[in-house]
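Novice: Right, I'll just put the structure down here and ask away after.
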Amino acid sequence: MKFKMFIKVCGITDKKQAKQIEDYGATHIGVIHFEKSPRHININKIKDIKENLQKSKLVAVVVNPTEDLVKKLLDITDIIQFHGDESLEFIKKFPKERVIKAFRIKDENSIEKIKPFVNENYLILIDAYSEKEYGGTGKQINQKLVLKVKNLTDRFILSGGLDEKNVYELIKKYKPFGVDASSKLELKPGIKDLNKVKNYIINAKKAFGEISE
Ligand SMILES: O=C(O)c1ccccc1NCC(=O)[C@H](O)[C@H](O)COP(=O)(O)O
């Protein structure tokens with residue numbers, strides 16, 4: 007995957023919001039296909055969102071899916087984000103350039119789990135750990151653990167509690183390949199506050215040097 011910068015907004019459920027967020031300059035729009043999430047949307051809604059997008063890539067977020075489901079989602083989206091406990095062996099069944107592997111970072115052991123995926127050159131996303139939810143928690147990752155990931159690879163997407171206020175500083179601090187945000191940009195689960203989304207994208211673009219400060 008080659009992008010000048012990577013700015014993802016996740017948990018989109020509405021095609022008009024998706025288009026507006028693309029127009030603000032998000033490079034990636036994330037949709038959740040996981041029934042236990044309050045942001046879950048079905049295949050038909052995902053297709054609707056995809057048809058309405060022009061420039062941005064559509065990312066389908068899944069948790070421990072079957073192979074058949076992944077194939078179905080690859081037919082209608084651009085990228086699959088594996089956000090559960092999927093093994094390297096399982097994700098190797100799909101084209102590497104269309105895969106993001108997410109890791110919920112809890113402790114040193116979480117860093118060990120990343121290593122085989124980094125060695126195989128997978129694009130990884132790091133998120134905060136929660137006992138209750140797989141993602142979209144609004145929690146930030148412990149700073150020391152982000153730095154440990156940074157020591158392993160520069161090619162990571164930072165997520166977990168990002169918003170329009172902290173994204174600039176976090177990009178400057180950790181210099182990630184990309185950023186991803188969801189719940190702190192919401193009015194309620196699945197519905198974004200478009201003003202916050204716009205400012206998150208502007209501030210991320212400034213930090214990536216895409217627009218002047
Ligand atoms: O957002 C969800 O509901 C969700 C549910 C299950 C797995 C993943 C989920 N979200 C994935 C994302 O990529 C979120 O953007 C990421 O977890 C960061 O969320 P937040 O801390 O709310 O910005």
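The numbering used here puts the sequence shown at residues 7 to 219. Positions of the beta carbon are idealized from the N, C-alpha and C atoms, including for glycine.
(1) My output table needs one value for D199: the three-state DSSP class, helix, strand or coil.
(2) Counting beta carbon pairs with one atom in the region 199–214 and one in the region 27–37, are three or more of them shorter than 8 angstroms?
(3) Is there contact between the region 184–196 and the region 161–171, where contact requires at least three CB pairs shorter than 8 angstroms?
(4) Should H89 be counted as a contact of ligand 1 given a C-beta to heavy atom distance under 7 angstroms?
(5) Could you spell out the range, first to last residue, of the beta strand (DSSP E) harbouring K63?
(6) Could you have a look at Q87 and say whether DSSP puts it in helix, strand or coil?
(7) Looking only at its own chain, which residues have a Cβ that is under 7 angstroms from the Cβ of K8, when we skip the five neighbours before and after it?
(8) For ligand 1, is there a heavy atom less than 7 angstroms away from the beta-carbon of L176?
(9) Should D133 be counted as a contact of ligand 1 given a C-beta to heavy atom distance under 7 angstroms?
(10) Which residues does DSSP list as the beta-bridge partners of D186?
(11) Secondary structure at R45, three-state DSSP: helix, strand or coil?
(12) What are the residues that DSSP puts in a beta bridge with F96?
(13) Please find out if some non-hydrogen atom of ligand 1 comes closer than 7 angstroms to the beta-carbon of S218.
(14) Mark A134 as exposed unless 16 or more other C-beta atoms lie within 10 angstroms of its C-beta, in which case mark it buried.
(15) Between I13, N50, K198 and Y206, which lies nearest to Q23 when the distance is taken from Cα to Cα?
(16) For ligand 1, I want to know if D199 counts as a neighbour, meaning its beta carbon is within less than 7 angstroms of at least one of the ligand's heavy atoms.
(17) From F109 to S116, what does the alpha carbon distance come to, in whole angstroms?
Specialist: Well, looking at it:
(1) coil
(2) yes
(3) yes
(4) yes
(5) K63 to V68
(6) strand
(7) A caution first: K8 carries a pLDDT of 47, below 50, which makes its placement in the model too unreliable to give a value.
(8) no
(9) yes
(10) K14
(11) coil
(12) In the DSSP output, where bridge partners are listed per residue, F96 has none listed.
(13) no
(14) buried
(15) K198
(16) no
(17) 7 angstroms
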